[in-house]
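Read the structure below first, then the notes.
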Amino acid sequence: MKKALIETGKSLAEALIIVAIIIVVAYAATGTWHIGFAVESGSMLPNMNVGDLIFVQAPQRTDIITCEEGKLADYKSFNGYGDVIIYRPNGLSSRTPIIHRAMYWVEKEGQMPNGRPAPHEGYITKGDHNAGYDQPNLQPVKPEWVVAIAKARAPYLGYPSLILKNPSILKEWFLNLW
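UniProt numbering puts the sequence shown at residues 1 to 178.
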């Protein structure tokens, strides 16, 4: 019995060390403790689906390229021009981060999509599947509100996170499979 407990303890310690190594390597590679984000809505269809796990990079590690700039440089990310960013709406940490494409940069007092002057400089964003920009309801995204830049996606791997937040998603997911 004692030997079995010692072996179990060793196995757990090895597993924790492996997880710690993976986390440290992921941080070294991406520059952020946020290794990935689960897609919660269909606003980025067809390029990101509900339940996808989006792997990210810290915004400090690279420049954000807007859709406008991406067209000029022929730079695409997730089948569209420009980078997809993850940001806190209006900078509020209490709000769920939004994963949308950076469409263009607006200067303070520049014209926002709704025709009003921008209260400050920042990114104007839009979900690929959405008809309009996010900014009729939100402020331009300040650089410090950007949590990460999307770099790759793994289908379905975000579902465990979504299910933990909302268990009814499990039923919905199974219904969609059949």
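Note that the Cβ used here is the ideal one computed from N, Cα and C, for glycine as well. None of the values given here were measured: they were computed from a predicted structure.
Assigned secondary structure, residue i (DSSP; H/G/I helix, E/B strand, else coil)
i	result
Val24	helix
Leu162	helix
residue 179	In the structure as shown, the chain starts at 1 and stops at 178, and residue 179 therefore has no counterpart that could be examined.
Val39	coil
Leu12	helix
Leu45	coil
Boundaries (first-last residue) of the beta strand (DSSP E) holding residue i
i	result
Gly122	Gly122 to Lys126
C-beta neighbour in chain B for residue i, strict 8 Å
i	result
Tyr123	The structure shown has no chain B; it contains just one protein chain.
Bridge-paired residues (DSSP) for residue i
i	result
Arg153	Ile54
Pro117	Gln111
Val141	Tyr123
Val19	Answer is none; Val19 lacks a bridge partner.
Val146	Tyr87
Classification of residue i by the beta-carbon crowding that lies within 10 angstroms, buried from 16 upward
i	result
Phe174	exposed
Ile21	exposed
His100	buried
Asp63	exposed
Met44	buried
Gln135	buried
Pro119	exposed
Ala13	exposed
Gly115	exposed
Tyr81	buried
Thr96	exposed
Which runs of the alpha helix (DSSP H) at least 4 residues long sit entirely within the stretch 58 to 106? Give them in chain order.
Unbroken alpha helix (DSSP H) runs of no fewer than 4 residues, entirely contained in the stretch 58 to 106, are found at 67 to 73, following chain order.
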